[in-house]
Each structure stands twice: as C-alpha cells, then as structure tokens.
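Number 289 in the numbering used here belongs to position 281 of the sequence shown; there are no gaps in the numbering. Just so you know, even glycine gets a beta-carbon here, dropped at the ideal spot from N, CA and C.
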Amino acid sequence: NTGLYSTSRLVLAARARGHQVDVVDPLDLMLVVHRGSPSVAYAAAPLPRYRALIPRIGARATRYGSQIVARMQTSTRAVLNDAASIELSRDKVTSLQRLAERRIAVPTTLALHAVVGLDAALPLLGGPPVVIKLQRGTHGIGIMLAESRGALVAMVETFLAMGHEVILQQYVPSPNGDLRAVVVGGKLVAAMRRRGRAGDFRSNLHGGGEGEGVDLPRRYRSTAERAAKVLGLEVAGVDILETKDGPVVIEVNSSPGLEGIELASKVDVADAIVAHAEHLARRKNAASRGKRKR
C-alpha cells in the first residue's frame, strides 16, 4: 500500500538512489506450481526478476506472504527479510525460545490451549498482574493486563473459545516505557523511547503512545543487534524493556514501522534499508562472479 508511510518512504528512498520500484500487494499475486520451477505471477503474467526484495508482510498475510517471498527469494539478489525469518519472528513463542537459548533475556512466557493448570503456572509468571497476548497480534492489538486471577481466567477462556492462540507473559514494570531499536544489516541505525497513554501499560505508538529519540547504551545496542541476528533478520524492530538487571527483549518485528522511529530519531531509516539492499545485491553479484571464474 503506497499510501502507508513506511511503504512510501521506502519507495522515495529507492528512487532517490536511482532505482525503479514496483509495489505489489502479496495477496494480489499467484503462486504457480507446475512442471519445472514454480513461479509467482501477477494477473497470470510472471513477475520479472528483481535485484532486491523488501517484504512488508501484514500479520494476517504471514503464511501466504511468506510462501510468495520464499519463491521470489530464489531468483532475487537481495532479500530483506527472507521467508524463514519472517515466519520465525511472527511466532512469538518460538522466537522468544530462540532468544532465550542464546542467553538474551526475555520475560517468562507460557503458551496454552486450556485453563487447566493455570493456577499452578501463576507462580512462574510472578503474577498477577499477568500480560495476555495473542500469538498473531500486532501494533499493540490483543495485548491486555490481567490484574487478578479471576480476570486472567475470564480473559483466557474467552480468547480460547474464540479460537485464538493465547500467550501469558510475566509483567515487567517499566515506568519509563519501552525502547524500540531498529537494526539494519546487523547494526543499530535508530532507537527511541516509547511511552503509552496515561493509564495504558502498552507503549505502542499505534495505540496513541509517544516516542522520543535516544542513544542506547552499549549493552542495549548489543542486545538489539544480537536479537536480530539470532532470528536471521536483515531488518528488525527490537522492543526492549529497561530493568534493574539490564535489557529484556519482549518482541522482535520483521516489518517495523518507519514513521514513529524516523520522526523521533531524525534518522533516515528508509535510506539505510535501501542502502543495505544495495550492499547485499553487490555482495551476491561478486560471489556469483567468483563461482563462474572457478
């Protein structure tokens, strides 16, 4: 959608660097499977080969969008991000498991499909209060705070009855809001502090929060860069809480919004993304030439 800030900024940045740009909704594309190599088509016409692909896949289109990206990445020099990393980042539980395995601090998290055993699990979460999330929620949608056992059970039962996958997470007090760090090509390029509206524990800007640019301490910068690397993301928005014990990563986004971070940090994040796409394309070209010489 070229009407969205992030998409329009990426288009402008790419054109400013001399590139021709096509913006296509992945849901308008067809995945054609036939004898030989599968292909991606628009209105039954095969798509051309691109030098770079910058997926901006909405949460509801994750599965099909990832299938499209998986096919296109086989013939595209630079892909930011690939299908596997997009799918991994959208799976909140698995992505947090990967981070925890690499000793990156995350909140204690439980995934469940029934309320059986909930009372026994509460001490693990240190609650109530307990944060309730939906597996596929984005932009702060589907995030609630249950401040009592009764409220927790009622919310969980309701969401499970509606067919949602539910995640329970340790509530980590963060009076100063949270931090959003944008990492491109393994390096931090911009960061901001986000504060929610009065009375709202969520800091997401889509919910009416405010952001201000910040310079991250070395430990927080390193945590953001490591989180992006662990999940295989060339472009990542890493959400971090400040605690007395240091940074705690609560989520990593494969399609971070650019409006809030650019306005708060005054950094041209879109240009950094396009510049990294150019770098990846050049590197792949050089590798291909090296193979041909052998």
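Judged by beta-carbon spacing, V246 lies within the 9 Å limit of R188, meaning their Cβ atoms are closer than that value. In the same chain as A119, and ignoring 5 residues on each side of it, the C-beta atoms closer than 6 Å to its own belong to V101 and I175, in chain order.
The residues V123, in chain order, have a CB closer than 7 Å to that of E165 in the same chain once the five nearest residues on each side in sequence are set aside.
The criterion of a C-beta distance shorter than 9 Å is not satisfied by A199 and L18.
At the C-beta level, A235 and I112 come within 9 Å of one another. Take the alpha-carbon of T251 and the one of T117: they are about 17 Å apart. Sequence-distant partners of V138 (beyond 5 residues in either direction) whose C-beta falls short of 8 Å from its own C-beta, in its chain, are L130, L153, A154, L160, L176, Q177, Q178 and Y179. The straight-line gap separating the alpha-carbon atoms of A272 and G221 is approximately 5 Å. Of D30, A51 and V31, the smallest CA-CA separation from V40 is found for A51. The residue from L55, A280 and R98 with its alpha-carbon nearest to that of I258 is R98.
Taking all protein chains in view, the Cβ of G219 is crowded by 16 or more other Cβ atoms within 10 Å, so the residue is classified as buried.
Taking a 10 Å sphere around the C-beta of V31, we find fewer than 16 other C-beta atoms and assign the residue as exposed. With respect to the 9 Å criterion, L239 and S262 are classified as neighbours on the basis of their beta carbons. Just so you know, the alpha carbons of E267 and V275 end up roughly 11 Å apart. DSSP, reduced to helix, strand and coil, places L132 within a helical segment of the structure shown. Bridge pairing for P255: E250 [DSSP]. R202 is not a Cβ neighbour of D223, given a cutoff of 9 Å. Residue nearest to P63 within the set A53, A49 and E95 is E95 (criterion: CA-CA distance). G221 has M200 as its beta-bridge partners, per DSSP. Bounds of the alpha helix (DSSP H) holding K100 are K100 to E109.
The secondary-structure analysis by DSSP pairs N261 across a beta bridge with G245.
For K274, no beta strand (DSSP E) run applies, since DSSP gives it neither H nor E.
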